[in-house]
Amino acid sequence: MNMKRYTQYMYSYPHKTAYGPLEGVTLNQYLPDLAGPGHGLYLHLPFCETKCGYCNLFSVTGQGETAIDRYLDTVERQLRQYEPLFASAKSLFTSLTIGGGTPLLLTEMQLERCFAMIRRYTQLARDAEIIIETAPNQTAKPKLALLKDAGVTRVSMGIQSFFDEELKVLKRSHRAEKARESLNLLMNSGFSRVNADFIYGVPGQSVSSFLSSVKEAVSFGPDELFLYPLYVKHGAALEQELNRGLVLDEDLAFRQYEAAAEWLASHGYRQDSMRRFVRPESPGGSREFSDCGFGSTLSLGCGGRSYLGNLHSCTPYAVTRESCLEQLVQYEETTDFCTVTHGILLSEEEQKRRFVIRHLLILPGLPLAAYREAFHGDAAADFPILHEWMEQGFLEEQGDCLALTEKGMGLSDYLGPMLISKEVQDKMTQWEALHGTKHDPIQREFKEL
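Residue numbering for the sequence shown follows UniProt numbering, starting at 1 and increasing by one per position.
Below is the structure:
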């Protein structure tokens, strides 16, 4: 193989490493983007029991109840500053996502406080979708009952494997038997939707062992499975082992993906993206990315992103323990949450790219009429590479959409990064040079497998 299938997971665009300092930007300027109904809230709880070997998310370990209480005090102060803006814009939030980190690491009292604060300072729609993440070691009946009473509609559990040897390689703190116990408990707790996450491409993992984990997961009946290829980015614990000779086998990872996708399809699962597989009898639910960045999403806490029109903002990107703790301290010392100091202002060109990337990689695909309405142009004319991908069998027309074919779906992490603009790539490269790391170069021309 002379190209990388696994270049970058395009769950958002632009990447946080393209963000930078902002001046003269306030939330008041973006109140129209928070007006009325249809917006999302995201609360980031960055606390974990341990840092997984592959994790490059904003998270910290070793923080006790006092530290978490101090963090929640800051979140409440942030909400108090936002409350007049919400009132002025008559903001009605129709979704709430609580991520991390491991949100259920919090005590029951702390979790109750999170929900109480949000309901006190914001208007959350009565039928709002409320999503939270959990991990096997933190999944217990009392906390699940609390979540149910709080109106949580969807719970996502990171399992990654049902084999202890693979969990050890990934530096996960739970064991397979605990994952089985916790998933069974979750499935019997009455939530509207449950999804479970698994990882392939793990050193020492075979096609048969990955497929065994997938089949066992299906036996529990979750509404969705998310299957992720293993990435090891800068700052992740496994990076050191790669430097010492640990090898990631991309060809094997792709065979694992193909085997799982084929088996799930044969058992009626609908594949919406390279990662998401939906149980046949499961209700539709939200898109994989909940249209994040097309409607407005406001982030609370440290480490999450806000999307308001052409303004994308967050705390500076951090992965290592030291840099995450530094950002956490700066967040807790913030006095003015209504001034936006770090992010990116998207040009119309970058908004077009974001629209294409975020729709094209998830079925039903890129809606051509919606693109014309939003940007007064033709997507295929603006992005000639889409014609090339159709000729190569990666895309096809399905009604008014351009959608990935089965062949294209499996190459999402190769195709998506090819849509990154030179300007954004340059900013990412500058960040990488400053922090002593680099992404693999984006291949602008398709190379035959």
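Each residue gets a CB set at the ideal place from its N, CA and C atoms; glycine is no exception.
Note that the coordinates shown come from a computational prediction; the quantities given were computed from them, not determined experimentally.
Task: Buried or exposed (CB count within 10 angstroms, at least 16 for buried), residue 16 - done: Classification for residue 16: buried.
Open item on the list: Using only CA atoms, which one of 269, 38, 82 and 110 lies nearest to residue 64?
Closed with: Of 269, 38, 82 and 110, the residue nearest in Cα terms is 110.
TODO: Tell me whether residue 6 sits in a helix, a strand or coil according to DSSP, three-state version.
DONE: Three-state DSSP puts residue 6 in coil, outside helix and strand.
Open item on the list: By alpha-carbon positions, which one of 47, 354, 305 and 327 ends up nearest to residue 41?
Closed with: The shortest CA-to-CA distance from residue 41 to any of 47, 354, 305 and 327 is the one to 305.
Open item on the list: Which same chain residues end up closer than 6 Å to residue 430 when comparing Cβ atoms and leaving out the 5 residues on each side of it in sequence?
Closed with: Same-chain partners within the cutoff: there are none.
Open item on the list: Per DSSP, what are the beta-bridge partners of residue 97 in this structure?
Closed with: Answer by DSSP bridge pairing, in chain order: 42 and 131.
TODO: Name, in chain order, the residues that DSSP records as bridge partners for residue 228.
DONE: Partner(s): 199.
Task: Neighbourhood of residue 36 by C-beta, 7 Å cutoff - its chain only, sequence neighbours within 5 removed - done: Answer for residue 36: 90 and 92, listed in chain order.
TODO: Indicate the three-state DSSP secondary structure (helix, strand or coil) for residue 288 in the structure shown.
DONE: Only weak support is given to the placement of residue 288: the predicted model assigns it a pLDDT of 49, under 50, and the value that follows is read from those uncertain coordinates. Note: residue 288 maps to coil in three-state DSSP.
TODO: Count the other CB atoms, across all protein chains shown, that sit within 10 Å of the CB of residue 141; report buried if there are 16 or more and exposed otherwise.
DONE: By the C-beta density criterion, residue 141 is exposed, having fewer than 16 other C-beta atoms within 10 angstroms.
Open item on the list: Using 8 Å for Cβ pairs, my map puts residue 409 next to residue 256. What's the rounded Cβ distance?
Closed with: A Cβ-Cβ distance of about 15 Å is found for the pair residue 409 and residue 256, leaving them out of contact under the 8 Å criterion.
Open item on the list: Helix, strand or coil, according to DSSP, for residue 31 in the structure here?
Closed with: In the structure shown, residue 31 sits in a helix (DSSP, three-state: H, G or I).
Open item on the list: Mapping the DSSP letters down to three states, classify residue 120 as helix, strand or coil.
Closed with: Reduced to three states, the DSSP call for residue 120 is helix.
Task: Identified DSSP bridge partners for residue 63 - done: Per DSSP, none; premise fails for residue 63.
Open item on the list: With DSSP as the reference, identify every bridge partner of residue 159, one or two as the case may be.
Closed with: As computed with DSSP, residue 159 is found in no beta bridge at all.
Task: Residue interval of the beta strand (DSSP E) (run including residue 14) - done: According to the DSSP assignment, residue 14 belongs to no beta strand (DSSP E), since it is labelled neither H nor E.
Task: Where the beta strand (DSSP E) through residue 344 begins and ends - done: 339–345 is the span of the beta strand (DSSP E), which, as asked, contains residue 344.
- [ ] Determine the DSSP secondary structure at residue 48, reduced to helix, strand or coil.
- [x] Secondary structure at residue 48: strand, using DSSP grouped into helix, strand and coil.
Open item on the list: Suppose you measure from the CA of residue 446 to the CA of residue 425; what does that come to, to the nearest Å?
Closed with: Its pLDDT being 45, under 50, residue 446 is placed unreliably by the model, and the measurement read from it follows with that caveat. Spanning the two alpha carbons is a distance of roughly 18 Å.
TODO: Starting from the N-terminal side, write out each stretch of the beta strand (DSSP E) that is 3 residues or longer and does not extend beyond the stretch 214–268.
DONE: Runs found: 224–229.
Open item on the list: Looking at residue 352: is its Cβ nearer than 8 Å to the Cβ of residue 382?
Closed with: If you check the CB distance, residue 352 and residue 382 come in under 8 Å.
Open item on the list: Using DSSP's beta-bridge definition, name the partner residues of residue 398.
Closed with: Residue 398 is bridged by DSSP to 401.
Task: Pairwise C-alpha distance: residue 131 and residue 43 - done: Distance between the alpha carbons of residue 43 and residue 131: 10 Å.
Task: Neighbourhood of residue 125 by C-beta, 8 Å cutoff - its chain only, sequence neighbours within 5 removed - done: These residues qualify, in order along the chain: 37, 92, 93 and 94.
Open item on the list: Using 8 Å as the threshold, is the C-beta distance between residue 202 and residue 169 below it?
Closed with: Contact: yes.
Open item on the list: Please state whether the Cβ-Cβ distance between residue 324 and residue 46 is less than 8 Å.
Closed with: Cβ atoms of residue 324 and residue 46: closer than 8 Å.
TODO: Would you mind listing the alpha helix (DSSP H) stretches within the stretch 303–390 that are 4+ residues and don't spill past its ends, in chain order?
DONE: Note on the stretch 303–390: whole alpha helix (DSSP H) runs with a minimum of 4 residues are 321–332, 348–360, 368–375 and 379–382, in chain order.
TODO: Please state if the CB of residue 367 and the CB of residue 403 are separated by a distance shorter than 8 Å.
DONE: When the beta-carbon positions are compared, residue 403 and residue 367 stay at least 8 Å from each other.
Task: CB contact flag (residue 222, residue 196, <8 Å) - done: With contacts defined by Cβ atoms closer than 8 Å, residue 222 and residue 196 form a contacting pair.
Open item on the list: By the three-class DSSP mapping on this structure, what secondary structure does residue 392 have?
Closed with: If DSSP states are grouped into helix, strand and coil, residue 392 belongs with coil.
Open item on the list: Please tell me whether residue 177 and residue 102 are closer than 8 Å, where the distance is taken between their beta carbons.
Closed with: Not in contact: residue 177 and residue 102 (Cβ atoms no closer than 8 Å).
TODO: Could you tell me whether the stretch 303–321 touches the stretch 389–401, using the rule of 3 or more Cβ pairs below 8 Å?
DONE: When Cβ pairs closer than 8 Å are counted between the two stretches, the stretch 303–321 is seen not to touch the stretch 389–401, the count staying below three.
Open item on the list: Could you tell me the alpha carbon to alpha carbon distance between residue 32 and residue 310, rounded to whole angstroms?
Closed with: Cα to Cα, the separation comes out at about 12 Å.
Task: Reduced DSSP secondary structure (H/G/I, E/B, other) of residue 152 - done: The answer is coil: DSSP assigns residue 152 none of H, G, I, E or B.
Open item on the list: Closest to residue 274 by C-alpha separation, out of 119, 329, 315 and 360, would be which residue?
Closed with: Looking at the Cα atoms, 360 is the closest of the given residues.
Task: Residues sharing a beta bridge with residue 175, DSSP - done: In the DSSP output, where bridge partners are listed per residue, residue 175 has none listed.
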